[in-house]
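I have placed the structure first, in the form of structure tokens, so that the comments after it can refer back to it.
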Amino acid sequence: MIPDRPDFDPSRRAWIALSLGTLGLGAFGGRGSAADAGEDARVAKLGEQAKKAGIGPFAASRTDHFLGVGDAPEGFRKEALGVCEALGKVFVKHLGDRGFRVDFPADRMMVVVLKDSISYGALVGETPGKDVGGHFDLDADRLVVFDFRPDQPPGTGAERINTFTLVHETTHLLAYNTGLLALDRDPGKCVAEGVAAYFEMWRKTANVPVGRINRPRLEAIRAASRSGAEWIEISRLLTEDALFDDPATAQLAYGQAWLLMYHLLTASRSQWPDVVKWFDAMRARAGDRVATLEKHLGPVAKLDEKLRRLGRELVRG
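If you want it as structure tokens, here you go:
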């Protein structure tokens, strides 16, 4: 989940839902393959979970690489999957251009798309906070999002929250399913959230390439500097995941995690092979996070000083 969200205007086209047994699941065209049969089972299982939670009916849609399931209107679900699909292509190409061996998985990635916070709370078992629009469930390996708009008065930017949440959390789903990170190897929040923050300002409808400055995250660094907050050393950022949950440090932690990825992924091409090796090492085994970084990127203190300088330069504009 993300603690703040820096344009989502889905059409709500009517559609005809065909029944799938007593679960109320919408039928959808498939390829008649074993993979599709497996997906049908996943959809049915989730439908049973929804039924027990008192929500539904659930319907489902497919794109090339994503399986969307939920009680959100078809138009919203299809638009959300369209964003996921477009972001996925950008994600794979952007990282592939930097030498990462990433690709779409053989099975479609699951996105649970719910109509509002009530459905979300019923399915996940807790009421979402006022700034929570969804999350990536690492254990279940699926993205769960809901339409933020029904719960918000006009003019509160709910459409932007929908899109910001969807892009940020879809990046998590992609990172763990395309070969960048491993589901059974925890890289720490600095890496996972840094990658998500690096991609989170991408928009399907805007011609803005990935890798530009993330103004909201940079503003968090600027605000911390003005308030006299202490810079978080990279060694702590890598190892103390609680920094991303503590309201006193979360904004700066997310900002610095973005800055780390911005530095590594927009640096000279000569540095990219070492960055790729660092990610490969994190994916291959769980170990000392600082030692793993230093093995491939050099002394963490030197990297920390580079980030401090870069942060000061970007803040000054």
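What the sequence shown shows, in the numbering used here, is residues 4 to 320, in sequence order.
Think of the CB as a built atom: it goes at the ideal place given N, C-alpha and C, for glycine as much as any other residue.
{"Item": "Taking only the alpha-carbon atoms, compute the straight-line gap between L84 and G231 and give it to the nearest angstrom.", "Value": "42 angstroms"}
{"Item": "Going residue by residue through the region 220–265, where are the continuous alpha helix (DSSP H) segments of at least 4 residues, counting only ones entirely within it?", "Value": "237–242"}
{"Item": "What did DSSP end up calling S271 once you bin it into helix, strand or coil?", "Value": "coil"}
{"Item": "Closer than 8 angstroms by C-beta to G214: which residues in its own chain qualify, once you throw out the five before and the five after it? Chain order, please.", "Value": "H97, Y201, Y265, L268, T269"}
{"Item": "With DSSP run on the structure shown, which of helix, strand or coil describes F98?", "Value": "The sequence given here places Leu at residue 98; Phe does not occur at that position. Note: L98 maps to helix in three-state DSSP."}
{"Item": "Within the continuous beta strand (DSSP E) that includes A195, where are the two ends?", "Value": "Looking at the DSSP string, A195 is not in any beta strand (DSSP E); the run it does join, the alpha helix (DSSP H), is 192–202."}
{"Item": "Can you tell me which of S64, T295, R311, G73 puts its alpha carbon nearest to the alpha carbon of D189?", "Value": "T295"}
{"Item": "Between which two residues does the alpha helix (DSSP H) containing A125 stretch?", "Value": "120–127"}
{"Item": "Three Cβ pairs or more, each shorter than 8 angstroms: is that satisfied between the region 105–116 and the region 167–182?", "Value": "yes"}
{"Item": "What number of angstroms, rounded off, separates the C-alpha of V318 from the C-alpha of L263?", "Value": "15 angstroms"}
{"Item": "Would R288 be called buried (16 or more neighbouring beta carbons within 10 Å of its own) or exposed?", "Value": "exposed"}
{"Item": "Considering only residues of the same chain and omitting the five flanking positions on each side of C193, which have a CB-CB separation below 6 angstroms?", "Value": "L240, L241, A260"}
{"Item": "Looking at C-beta atoms only, is the number of pairs between the region 277–288 and the region 177–186 that lie closer than 8 angstroms three or more?", "Value": "yes"}
{"Item": "Are the beta-carbon atoms of L126 and I58 separated by less than 8 angstroms?", "Value": "yes"}
{"Item": "Quick one: Cα of A223 to Cα of R229, how far?", "Value": "10 angstroms"}
{"Item": "Does DSSP put A17 in a helix, in a strand, or in coil?", "Value": "Because the pLDDT at A17 is just 24, under 50, the model does not fix this residue reliably, and the value given afterwards should be weighed accordingly. A17: coil per DSSP, three-state reduction."}
{"Item": "Quick check on this structure: which residue in R104, D142, V135 has the alpha carbon closest to the alpha carbon of D119?", "Value": "V135"}
{"Item": "Please tell me whether V86 and V46 are closer than 8 angstroms, where the distance is taken between their beta carbons.", "Value": "no"}
{"Item": "At the 8 angstroms Cβ level, is S64 part of the contact set with chain C, yes or no?", "Value": "This model lacks chain C altogether; it includes just one protein chain."}
{"Item": "Consider the C-beta atom of F247 and the heavy atoms of the ligand NAP; say whether any pair is separated by less than 7 angstroms.", "Value": "As presented, the structure is devoid of all ligands, the ligand NAP included, so that no description of it is given."}
{"Item": "Take the Cβ of V198 as the centre, count every other Cβ of all protein chains shown within 10 Å, and call the residue buried at 16 or more, exposed below.", "Value": "buried"}
{"Item": "Less than 8 angstroms between C-beta atoms, sequence neighbours within five positions excluded: which residues of the same chain meet that for L90?", "Value": "V170, T173, T174, L177, F202, W205, K207"}
{"Item": "Spatial neighbours of E129 within its chain, please: CB distance less than 8 angstroms, with the 5 preceding and 5 following residues excluded, ordered by chain position.", "Value": "none"}
{"Item": "Output the distance between the C-alpha atoms of G102 and P276, rounded to the nearest integer angstrom.", "Value": "7 angstroms"}
{"Item": "Are the Cβ atoms of L306 and I237 separated by less than 8 angstroms?", "Value": "yes"}
{"Item": "Is it the case that the Cβ atoms of F139 and E196 are separated by a distance below 8 angstroms?", "Value": "no"}
{"Item": "Using the Cα positions of E42 and L70, report the straight-line distance between them to the nearest angstrom.", "Value": "8 angstroms"}
{"Item": "Grouping DSSP H, G and I as helix and E and B as strand, with all else coil, what is R111?", "Value": "coil"}
{"Item": "Express the C-alpha separation of D150 and A304 in angstroms, rounding to a whole number.", "Value": "43 angstroms"}
{"Item": "Excluding the five sequence neighbours on either side, which residues of its own chain have a C-beta within less than 6 angstroms of the C-beta of F94, listed in chain order?", "Value": "L177"}
{"Item": "If distances are taken between C-alpha atoms only, which option among G132, L255, D249 comes closest to L221?", "Value": "L255"}
{"Item": "Report the residue from R311, A226, K55 whose alpha carbon sits nearest the alpha carbon of S122.", "Value": "K55"}
{"Item": "Would you identify the three-state DSSP class for H138, choosing helix, strand or coil?", "Value": "strand"}
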